[in-house]
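Undergrad: Top line first, the protein sequences correspond to chains A and B.
Offset between the first sequence (1-based) and my numbering: plus 9.
Offset between the second sequence (1-based) and my numbering: plus 9.
We put the CB at the ideal spot given by N, CA and C, even for glycine.
Next up is a structure, given as structure tokens.
Number of protein chains: 2
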Amino acid sequence: MEVYNVFKDLAIIIVFAKFFGVIARKCKAPQVVGEIIAGLLIGPSVLGLVQQTDFLTGMAEVGVVLLMFSAGLETDLKELIKTGPKAFLIACFGVFFPLVFGALLYMGFYGAAPWGSEEFYKAVFIGVIMTATSVSITVQSLKEMGRLKGTVGTTIVSAAIIDDVIGIVVLTFVIGFKNPDSNPLNVIINTGLFFILAGGIGFLLYKVFSKADTMFPHTRRIPIMALALCFFLAYVAEKYFGIADITGAYVAGIILCSLKDSKYVDEKMEVSSYMIFGPVFFASIGLKTNIQSFNMNILLFSIGFVLVALLAKIIGCGFISKVCGFKWNECLKIGVGMMTRGEVALIVSQKGLSVGLLSSEYFTAVILLIIISSISTPIILKVLYSKFAE
Amino acid sequence: MEVYNVFKDLAIIIVFAKFFGVIARKCKAPQVVGEIIAGLLIGPSVLGLVQQTDFLTGMAEVGVVLLMFSAGLETDLKELIKTGPKAFLIACFGVFFPLVFGALLYMGFYGAAPWGSEEFYKAVFIGVIMTATSVSITVQSLKEMGRLKGTVGTTIVSAAIIDDVIGIVVLTFVIGFKNPDSNPLNVIINTGLFFILAGGIGFLLYKVFSKADTMFPHTRRIPIMALALCFFLAYVAEKYFGIADITGAYVAGIILCSLKDSKYVDEKMEVSSYMIFGPVFFASIGLKTNIQSFNMNILLFSIGFVLVALLAKIIGCGFISKVCGFKWNECLKIGVGMMTRGEVALIVSQKGLSVGLLSSEYFTAVILLIIISSISTPIILKVLYSKFAE
């Protein structure tokens, strides 16, 4: 590959993402919808102008990590502690409902399978794919509307983070039955260890940053070191604890969110994010998709899959939110905010394929779910927030 | 490759680059020297913590393109037009002197070769490698000192850009004798066409941006579209005209440098540049280098090569600067500013290797030249500017 080709890709992505972003805004939809559609358009599905490369994959990953770091930085720590227990409950129900109804959908299509049989685990696996919420699009939408910091916003983001962790634990459990290498207990221990270590070391790091911030307020070195911490935790989380890199970045943001200069740090992140990494990330969701490979035979299953995946989250999270004392419109916002799926669903599917629990023909259903949820969530959230202001 | 590995690389690069950058500043040397040393340290030569990947290569290329775009944006157009003719002359002498003395050095080591013989072109090729100035490090150093906009600063940058073009023409001439595919006349025509088109289309684009800027002053869309233009021209220059991508980016900057919001656009570029792309670019110079492969036999030639390459630029550019009416200390600043070599020297060497005009053992000499010139130029420039303020 000639290295200058990156500039063609980046120029096309930036121009299309910005153009469709502005159009989306003019249609009262969030900008990110436009950016995903831009990715679909320039990707292999339609125009074929840009191909996924290692470089773009890396850029997109930096993009989503910066987004989650920014979400962490904008967290109100008191609000998080207040919403924590509720978020945990919401996450549990947001995993449980899709898991059960996904399995039931599969059995509805292909017949019931006896408990513990190969076919049974295949059914359960369809549920597993549905469990993990992809919070990035919701975060971006809430941010555009200035609703990220509210109780509902914080609850959604925390619940989505916890839900990722539970989803990974469930995945490891299910795979554990096929693969003797992965030990579900280890996953739980690793996850616990990560958060305990992040809490302890995070407190020390916060003190160091706080001191540096007092000595050199508003200097470049604060955001630069903050960015390094974000990348470091993203790496360590995934490499040594098997937790998603975006969770590590979010934790890095939370560690620094009470810093006096946290707003200053966040501003610097935002510039890189909206100038280049953000558009690349959202466009890459569309880029990864190849609509042409869509097979008509699987259409029916896919439609069922998408409906079950969306409704199970809305009902599961919405129901328990009501129990937790939220108002009806807030329950709906939380349910809708939790229904987006993203790259984690694809990663889980890939895993299922490699251990023989999923056939590749179901990939189109997963991709359809990602596209539909990514496009509809921001639109519905916007409608809900304009109808029911907090 | 697992995608989360990019975060390890980025975190290490950012931490080391920043740390050594600060140390360099404490030693009164420009920060960029520290960043290059950081790259050497973490690269395969010493610690081996980070390996060059497609992702990092792309990031580094974006880094150098952003740097040149920023240099273009900060150009004072009137100053450029004023310095243009002098810069052209300086570039010509800056190419001619190294070309001749490089060839003479080779003949001095391996014996004189008759005009037009294979050995003769090998000697000339050693000179060709020395011709292209790598302006990025000089730009960064002048920027850190706030001297980019002065007459000397503008002269150096314009001369270095022109010198790149002349260097490419010379390269194509020399290769033309070995390779019937590349036509020196075409290169000259292409180069002329690019600048004519860039001038014409550039004027139209400037009008469009100017209008957009009046309609939406200080909005995100201005810097985003400016960035897209920068990437677009970088791509088009290299892909369709065979001119370096950094030249395209610099031209994009010049097109927009008279914009009312050019400072605003530049600020946004700077954030991405110093937060992430800049450190990756400068560290990658060190990363590319493997000191361990250095062979003692070639040491003597390498020392001669480095000395001739540096002195030929200083003398050639300095001499003609004096003729153009600059003061002695300014001549020295221009000569030193023009002596840095960078990735173009490596690209030229690669080309020479592929057409059989250069043996791979001379690569160490080229790498040594890049390192020594990259480290010494900023230091000497800083000394010169503190001794002789403009």
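(1) Does the pairing of the region 325–342 of chain B with the region 97–116 of chain B give three or more beta-carbon distances under 8 Å?
(2) Round the Cβ separation of Val41 of chain B and Ser150 of chain B to the nearest angstrom and send it over; I've been treating them as touching at under 8 Å.
(3) Could you list which residues in chain A have their beta carbon closer than 9 Å to that of Leu236 of chain B, in chain order?
(4) Cβ closer than 7 Å: which chain B residues qualify as neighbours of Ile233 of chain A?
(5) Just to make sure I have the definition right: I need the residues of chain B whose C-beta is within less than 7 Å of the C-beta of Ala243 of chain A. Which are they?
(6) Are the beta-carbon atoms belonging to Glu44 of chain B and Ala258 of chain B less than 8 Å from one another?
(7) For Ala168 of chain B, which residues in the same chain have their Cβ closer than 6 Å to its Cβ, ignoring the five residues on either side in sequence?
(8) Output, in chain order, the set of chain A residues within a Cβ distance shorter than 7 Å of Thr66 of chain B.
(9) Could you spell out where the alpha helix (DSSP H) holding Tyr130 of chain A opens and where it closes?
(10) Could you check what DSSP says for Thr62 of chain B in three-state terms: helix, strand or coil?
(11) For chain A, check one thing: does any of its Cβ atoms lie closer than 8 Å to the Cβ of Val280 of chain B?
(12) Please work out which residues of its chain come closer than 7 Å, Cβ to Cβ, to Ser382 of chain A, disregarding the five sequence neighbours upstream and downstream, and give them in chain order.
(13) Can you give me the Cβ contacts of Val183 of chain A inside the same chain, cut-off strictly under 8 Å, excluding the 5 residues immediately before and after it?
(14) What residues of chain A sit near Val74 of chain B, judged by a beta carbon separation below 8 Å?
(15) Check the Cβ of Lys248 of chain A against every Cβ in chain B and list those closer than 7 Å, keeping chain order.
(16) May I have the straight-line CA-CA distance separating Ile73 of chain A from Phe240 of chain A, to the nearest angstrom?
(17) Put Tyr259 of chain A into one of helix, strand or coil per three-state DSSP.
(18) Does the distance from the C-beta atom of Phe290 of chain B to that of Ala69 of chain B stay below 8 Å?
(19) For Ser389 of chain B, name the three-state secondary structure that DSSP assigns.
(20) Can you tell me which of the three DSSP states Met348 of chain A falls into?
(21) Please report the residue range of the alpha helix (DSSP H) in which Leu319 of chain A lies.
(22) Tell me the start and end of each unbroken alpha helix (DSSP H) in the region 183–258 of chain B that is at least 4 residues and wholly inside, in chain order.
(23) Count the other C-beta atoms from every protein chain shown that fall within 10 angstroms of the C-beta of Pro107 of chain A, then say buried if there are 16 or more, exposed otherwise.
(24) Have a look at B:Glu83, B:Arg230, B:Gln61 and B:Thr373 and flag the residue whose alpha-carbon is nearest the alpha-carbon of Lys272 of chain B.
(25) Run through chain A and tell me which residues come within less than 7 Å of Arg229 of chain B, C-beta to C-beta.
(26) What are the boundary residues of the alpha helix (DSSP H) that includes Thr84 of chain A?
(27) Is Glu70 of chain A close to chain B? Criterion is C-beta to C-beta, closer than 8 Å.
(28) Following the continuous alpha helix (DSSP H) through Glu279 of chain A, name the residue where it begins and the one where it ends.
(29) What does the Cβ neighbour count give for Ala26 of chain A, buried or exposed, with the cut at 16 atoms within 10 Å?
(30) Nearest chain A C-beta to Lys360 of chain B closer than 8 Å, yes or no?
(31) According to DSSP, is Gly287 of chain B part of a helix, a strand, or is it coil?
(32) Just confirm the distance between the C-beta atoms of Phe314 of chain A and Ala374 of chain A, as a whole number of angstroms; I'd bet it's less than 8 Å.
(33) Under 9 Å between beta-carbons, which chain B residues line up against Asp63 of chain A? List them in chain order, please.
(34) Which value, in whole angstroms, describes the spacing of the CA atoms of Glu88 of chain B and Leu76 of chain A?
(35) Terminal residues of the continuous alpha helix (DSSP H) containing Lys35 of chain B?
(36) Got a sec, what are the start and stop residues for the alpha helix (DSSP H) Glu153 of chain A sits in?
TA: Let me lay it out:
(1) Verdict: yes, contact present.
(2) About 6 Å separates the Cβ atoms of Val41 of chain B and Ser150 of chain B, confirming a contact at the 8 Å cut-off.
(3) Result: Leu19, Ala20, Ile23, Met284 and Ile285.
(4) For Ile233 of chain A, the C-beta contacts it makes with chain B under 7 Å involve Ile23, Lys27 and Met284, in order along the chain.
(5) When 7 Å is used as the limit between beta carbons, Ala243 of chain A is near these residues of chain B: Tyr13 and Phe16, in chain order.
(6) Contact check for Glu44 of chain B against Ala258 of chain B fails: the beta carbons are separated by 8 Å or more.
(7) If we look at Ala168 of chain B and ignore the five residues flanking it on each side, its Cβ neighbours are Ala96, Ile99 and Ala100.
(8) Result: Val12.
(9) Looking at the DSSP string, the run of the alpha helix (DSSP H) that includes Tyr130 of chain A is Glu127 to Thr140.
(10) The answer is coil: DSSP assigns Thr62 of chain B none of H, G, I, E or B.
(11) It does: the Cβ of Val280 of chain B has a partner Cβ on chain A nearer than 8 Å.
(12) Scanning its chain for C-beta atoms nearer than 7 Å, with the 5 sequence neighbours on each side dropped, one finds around Ser382 of chain A the residues Leu319, Met348, Thr349 and Arg350, in chain order.
(13) If the five residues before and after Val183 of chain A are omitted, its C-beta is found closer than 8 Å to the C-beta atoms of Tyr130, Val133, Phe134, Val137 and Leu366, all from its own chain and listed in chain order.
(14) What Val74 of chain B touches in chain A: Phe16.
(15) Listed along the chain, the chain B residues whose CB falls inside 7 Å of the CB of Lys248 of chain A are Tyr13.
(16) First, the residue type needs correcting, since residue 73 of chain A is Val and not Ile in the sequence shown. Cα to Cα, Val73 of chain A sits roughly 11 Å from Phe240 of chain A.
(17) In the structure shown, the three-state DSSP call for Tyr259 of chain A is helix.
(18) Yes, the Cβ-Cβ distance between Phe290 of chain B and Ala69 of chain B is below 8 Å.
(19) Sequence check: residue 389 of chain B is Ile here, not Ser. It is helical.
(20) In this structure, Met348 of chain A counts as coil in the three-state DSSP scheme.
(21) Looking at the DSSP string, the run of the alpha helix (DSSP H) that includes Leu319 of chain A is Leu308 to Val332.
(22) With a minimum length of 4 residues, the continuous alpha helix (DSSP H) runs that stay inside the region 183–258 of chain B are 193–224 and 230–250.
(23) Answer is buried; the Cβ neighbour count reaches 16.
(24) Residue B:Glu83 is the option with its Cα nearest to Lys272 of chain B.
(25) Going along chain A in sequence order, the residues near Arg229 of chain B (Cβ under 7 Å) are Tyr283.
(26) Here Thr84 of chain A belongs to no alpha helix (DSSP H), and DSSP marks it neither H nor E.
(27) Yes, its Cβ sits closer than 8 Å to a Cβ of chain B.
(28) Where Glu279 of chain A is concerned, the enclosing alpha helix (DSSP H) stretches over Ser271 to Ser281.
(29) For Ala26 of chain A, the number of other beta carbons within 10 angstroms of its own is at least 16, and it is reported as buried.
(30) At a cut-off of 8 Å between C-beta atoms, Lys360 of chain B does not count as an interface residue with respect to chain A.
(31) Taken through DSSP and simplified to helix, strand or coil, Gly287 of chain B comes out as helix.
(32) Indeed they touch by this definition, with Cβ atoms about 4 Å apart.
(33) What Asp63 of chain A touches in chain B: Met10, Val12, Thr62, Asp63, Phe64 and Gly67.
(34) Rounded to the nearest angstrom, the two C-alpha atoms are 41 Å apart.
(35) Asn14 to Lys35 is the extent of the alpha helix (DSSP H) around Lys35 of chain B.
(36) Unbroken alpha helix (DSSP H) run through Glu153 of chain A: Val144 to Glu153.
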